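Below you'll find the structure, written out as structure tokens, and then a few comments.
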Ligand SMILES: Cc1cc2nc3c(=O)[nH]c(=O)nc-3n(C[C@H](O)[C@H](O)[C@H](O)COP(=O)(O)O)c2cc1C
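In the numbering used here, the protein residues as written are 9 to 348.
If you want it as structure tokens, here you go:
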């Protein structure tokens with residue numbers, strides 16, 4: 009892999025320190041946690057390893073106050089990282105116990121995980137091999153449906169107690185979600201403070217930053233990506249962006265909405281955990297995901313989504329379909345996210 013900021017993706021299970029100390033093993037597991045998705049690749053996590061325990065902490069300096077004051081996406085992203093960590097732990101036959109929010113829900117500690125050697129936990133399906141393959145795919149999807157059995161498998165990947173996945177394959181349902189997505193772009197991208205906050209995370213294709221979104225993730229050429237941050241932060245591009253993304257959504261074979269029965273910080277972390285399980289399952293099935301949190305962040309649009317699907321709290325909107333794999337985005341290395 010040529011780009012230095014992509015080397016995190018080169019992790020190999022063969023390098024697991026089988027003869028190392030427990031803390032060395034936990035540090036290796038973190039190589040999988042840090043590959044989790046996060047909106048917009050802020051990687052809002054810090055970790056502390058001590059005596060067989062690892063603390064997963066929110067890095068509030070990576071929040072986007074003008075994009076999402078509630079930090080809902082941030083908590084979901086931390087939940088995604090936790091799922092990767094536990095799936096990796098299970099793969100290497102580690103037992104674990106998870107204590108959520110040990111200092112209360114306002115604290116920065118999202119979870120404290122104690123690992124023990126030789127456990128045989130099976131809380132998750134074996135999705136380990138798909139952690140390094142998973143990626144967000146913003147490309148055009150093939151004009152072919154997703155098989156009914158695969159859609160069923162995706163629905164079953166989400167824990168049916170608190171969470172639920174609805175999948176719309178009919179043109180009217182997809183068009184309705186596309187319309188809601190378009191409205192969210194027009195409302196949010198029309199807002200200068202929102203654009204400035206988001207623009208901080210948009211990068212030229214060749215930038216050596218370890219986080220954020222390179223223009224190539226949106227299909228921009230190197231040249232376009234140099235102008236991208238300036239144009240995005242300075243001008244209102246909401247109409248063209250809305251038109252493009254609505255078109256992609258209408259033309260995709262399926263649109264999903266993951267929703268929950270509850271709405272609080274703990275539910276957001278769990279929503280992230282369920283969502284990452286779903287995303288890895290989709291990767292196993294060869295189904296690509298493109299993600300949208302914008303409509304969920306606007307109360308009236310979220311209500312519209314909830315009513316259309318007869319659900320309580322939509323958490324994320326997903327475009328689904330088939331496409332060739334896209335290039336990975338940068339990740340900070342474990343040593344960059346470990347704190348004393
Ligand atoms: C909870 C959550 C919400 C997200 N929301 C959006 C979104 O609204 N728009 C978008 O383009 N990507 C969204 N993403 C995708 C991230 O931008 C993506 O995960 C990140 O850039 C890393 O890329 P990767 O998924 O290919 O590893 C979201 C991801 C997560 C986990």
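By construction, the Cβ of each residue, glycine as well, lies at the ideal position given by its N, Cα and C atoms.
The model shown is predicted, which means the values in this text are computed figures rather than measured ones.
Option in the options with minimal Cα separation from residue i
{"i": "residue 124", "options": "132, 13, 172, 61", "result": "61"}
{"i": "residue 101", "options": "204, 236, 127, 317", "result": "127"}
{"i": "residue 80", "options": "290, 35, 56, 113", "result": "113"}
{"i": "residue 312", "options": "185, 151, 76", "result": "185"}
{"i": "residue 304", "options": "267, 65, 205, 235", "result": "267"}
{"i": "residue 70", "options": "170, 90, 46, 91", "result": "46"}
{"i": "residue 16", "options": "336, 348, 346, 347", "result": "336"}
{"i": "residue 162", "options": "294, 106, 150, 64", "result": "294"}
{"i": "residue 202", "options": "223, 33, 97, 48", "result": "48"}
{"i": "residue 239", "options": "299, 253, 212", "result": "212"}
{"i": "residue 187", "options": "97, 319, 300, 23", "result": "300"}
{"i": "residue 65", "options": "76, 43, 74, 89", "result": "89"}
{"i": "residue 150", "options": "108, 258, 207", "result": "258"}
{"i": "residue 76", "options": "307, 321, 340", "result": "307"}
{"i": "residue 42", "options": "31, 18, 27", "result": "18"}
{"i": "residue 67", "options": "82, 59, 146, 78", "result": "82"}
{"i": "residue 36", "options": "51, 227, 209, 57", "result": "57"}
{"i": "residue 317", "options": "33, 191, 232, 182", "result": "182"}
{"i": "residue 33", "options": "276, 347, 342", "result": "342"}
{"i": "residue 291", "options": "252, 333, 310", "result": "333"}
{"i": "residue 347", "options": "11, 54, 24", "result": "54"}
{"i": "residue 135", "options": "109, 122, 165", "result": "165"}
{"i": "residue 315", "options": "274, 222, 174, 50", "result": "174"}
{"i": "residue 205", "options": "222, 216, 73, 26", "result": "73"}
{"i": "residue 93", "options": "152, 109, 119, 78", "result": "119"}
Buried versus exposed, by CB contacts within 10 Å (16 or more), residue i
{"i": "residue 13", "result": "buried"}
{"i": "residue 130", "result": "exposed"}
{"i": "residue 344", "result": "exposed"}
{"i": "residue 270", "result": "exposed"}
{"i": "residue 91", "result": "buried"}
{"i": "residue 219", "result": "buried"}
{"i": "residue 235", "result": "exposed"}
{"i": "residue 85", "result": "buried"}
{"i": "residue 272", "result": "exposed"}
{"i": "residue 243", "result": "exposed"}
{"i": "residue 97", "result": "buried"}
{"i": "residue 225", "result": "buried"}
{"i": "residue 320", "result": "exposed"}
{"i": "residue 298", "result": "buried"}
{"i": "residue 322", "result": "buried"}
{"i": "residue 107", "result": "exposed"}
{"i": "residue 229", "result": "exposed"}
{"i": "residue 28", "result": "exposed"}
{"i": "residue 20", "result": "exposed"}
{"i": "residue 351", "result": "No answer is possible for residue 351: the residues shown for the chain start at 9 and end at 348."}
{"i": "residue 279", "result": "buried"}
{"i": "residue 156", "result": "exposed"}
{"i": "residue 214", "result": "exposed"}
Residue i Cβ short of 8 Å to ligand 1 heavy atom set
{"i": "residue 71", "result": "no"}
{"i": "residue 90", "result": "no"}
{"i": "residue 289", "result": "no"}
{"i": "residue 298", "result": "yes"}
{"i": "residue 194", "result": "no"}
{"i": "residue 143", "result": "yes"}
{"i": "residue 49", "result": "yes"}
{"i": "residue 45", "result": "yes"}
{"i": "residue 81", "result": "yes"}
{"i": "residue 225", "result": "yes"}
{"i": "residue 146", "result": "yes"}
{"i": "residue 324", "result": "yes"}
{"i": "residue 278", "result": "no"}
{"i": "residue 221", "result": "yes"}
{"i": "residue 301", "result": "yes"}
{"i": "residue 1", "result": "Outside the modelled stretch of the chain, which goes from 9 to 348, sits residue 1, for which no answer is possible."}
{"i": "residue 138", "result": "no"}
{"i": "residue 257", "result": "no"}
{"i": "residue 336", "result": "yes"}
{"i": "residue 240", "result": "no"}
{"i": "residue 78", "result": "no"}
{"i": "residue 85", "result": "yes"}
{"i": "residue 283", "result": "yes"}
query: Which residue spans inside the stretch 158-211 form an unbroken alpha helix (DSSP H) run of at least 4?
result: When DSSP assignments are scanned along the stretch 158-211, the uninterrupted stretches of alpha helix (DSSP H) that are 4 or more residues long and fall wholly within it turn out to be 179-196, 200-207.
message: Extract the residue ranges of the beta strand (DSSP E) inside the stretch 281-315, only unbroken runs of 3 or more that lie entirely within it.
response: Those beta strand (DSSP E) runs which fall completely within the stretch 281-315 and span 3+ residues are 296-300.
message: Taking 8 Å as the cut-off, does the stretch 313-327 touch the stretch 258-267 (at least 3 CB pairs, one atom from each stretch)?
response: The answer is yes - the stretch 313-327 touches the stretch 258-267, with three or more Cβ pairs under 8 Å.
query: At a cut of 8 Å, does the stretch 281-297 reach the stretch 137-146 through at least three beta carbon pairs?
result: In this structure the stretch 281-297 lies against the stretch 137-146, because at least three pairs of beta carbons, one per stretch, are closer than 8 Å.
- request: Return the chain-ordered ranges of every beta strand (DSSP E) run that is complete within the stretch 114-139 and spans a minimum of 3 residues.
  value: DSSP runs (the beta strand (DSSP E)) wholly in the stretch 114-139: 117-125.
- prompt: In chain order, which alpha helix (DSSP H) runs of at least 4 residues are fully inside the stretch 216-243?
  reply: DSSP runs (the alpha helix (DSSP H)) wholly in the stretch 216-243: 230-242.
message: Can you confirm whether the stretch 194-201 touches the stretch 233-250 when touching is taken to mean that 3 or more C-beta pairs between the two stretches lie within less than 8 Å?
response: Segments in contact, yes.
query: Where in the stretch 49-95 do unbroken runs of the beta strand (DSSP E), each at least 3 residues long, occur, reported from the N-terminal end onward?
result: Correct list: 53-58, 61-66.
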